[in-house]
Amino acid sequence: MDEERILKSANYVRTELPVRIAHRIRDLQALPYVVVKQEWVAKVYELYWKIHTQKDNREFCKFLRGILDEHAPVIPWISLGLSLSSHQMVPDQLDAFMRRMLVSRISRRVLAEHHLALTEGLAEGDTSPQRAQVGIIHTGLDVKASVLRCISLLQERPQGADANFETLNDSRPTGPPSKSDWRWPEVILDGDLDTKFAYIKEHFEYIVFELLKNAMRHTVLRNGGLGEPAPIRATIVAGPDIMNVRISDQGKVRSYRPHAAIFLSSPRSGPYR
């Protein structure tokens, strides 16, 4: 990384962010009962000047950091607002809107955070082409180490830490439920254990953590707190251009639900909230 590439990165983010934000504003305005006037968007466009110098880039980074911090609670806010108004929307429309909002928000924040990390790396003199991390991307992310970290974090949780522990307790066939009866299942890690690939570490570990958490919860649910739960197997499979992590469990069978329905229900708010 050098100063010329930093300026190119800054100009790429400068020109790309307004386009992606504009798509989301269009989605907001297309909602049948929402009339949105985002005055700050106009100000954002006005502030996107072309970047020529390191001083310009520092000011731009300060601006980006302010946007990231200011908009950190956007998803919780909009989720709450839409859930309270969900009776005015068709469920499929609500789900499609939230899916686009989440995906585009991730892409915008990755663009901004990556450029900030690149700038910080250059300021610290970290310009070696062999370095393990470029911006927020780990060029040689150790898949085994990340999966083991997720397993450790999950198994270190106290029994009953799962938000659905009441549901797990309800599944026990006999006797009053006791948290001491529950044991987290063993996770067997196998496959191509030396696999490394370029990815954003936090994103990869979040995905693996959530998949393993779901597998553990349903394994305990199936076991009912009686004896040792069946092990979970996490298999790393690496090919020339692709890498997969397969997580297999013997948990309780769930009825099929299309992925498009994930935003349409909540245990506290009824079928569409």
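In case it helps, our numbering puts the sequence shown at residues 99 to 371. Glycine residues also receive a C-beta, built at the ideal position from the N, C-alpha and C atoms.
Distance from L216 to I298 at the Cβ level is roughly 13 angstroms; contact not present, criterion being Cβ atoms closer than 8 angstroms.
Only residues of its own chain outside the window of five on either side were considered, and among them P327 have a CB closer than 6 angstroms to the CB of N321, listed in chain order.
In this structure, T317 lies away from I305, with their beta-carbon atoms at least 9 angstroms apart. In the DSSP annotation of this structure, the continuous segment of the alpha helix (DSSP H) that includes M199 starts and ends at P189 to A221.
Sequence-distant partners of A296 (beyond 5 residues in either direction) whose C-beta falls short of 8 angstroms from its own C-beta, in its chain, are I235, H236, T237, G238 and L239. A direct Cα-Cα distance of roughly 20 angstroms separates Q231 from C248.
Note on N342: under 16 other CB atoms within 10 angstroms of its CB, so exposed under the neighbour-count rule. Pairing E222 with C159, the inter-Cα distance amounts to about 15 angstroms. Assigned with DSSP and collapsed to three states, Q152 falls in helix. Here A108 really is in contact with I149; their C-beta atoms are around 4 angstroms apart, less than 8 angstroms. Taking 9 angstroms as the cut-off, the beta carbon of I173 is found no closer than this to the beta carbon of L214.
If you compare the alpha carbons of W282, D100, G289 and P338 with that of Q152, the shortest gap goes to D100.
In the structure shown, the three-state DSSP call for S346 is strand. Closest by C-alpha distance to L310, out of S346, I334, H185 and T293, is S346.
Per the C-alpha coordinates, the member of A170, L251, L162 and T293 positioned closest to L115 is L162.
Bounds of any alpha helix (DSSP H) do not take in L239; it lies within the beta strand (DSSP E) bounded by I235 to D240.
Relative to V208, the option among V111, E284, L178 and L252 whose CA is nearest is V111. Secondary structure of D288 (DSSP, three-state): strand.
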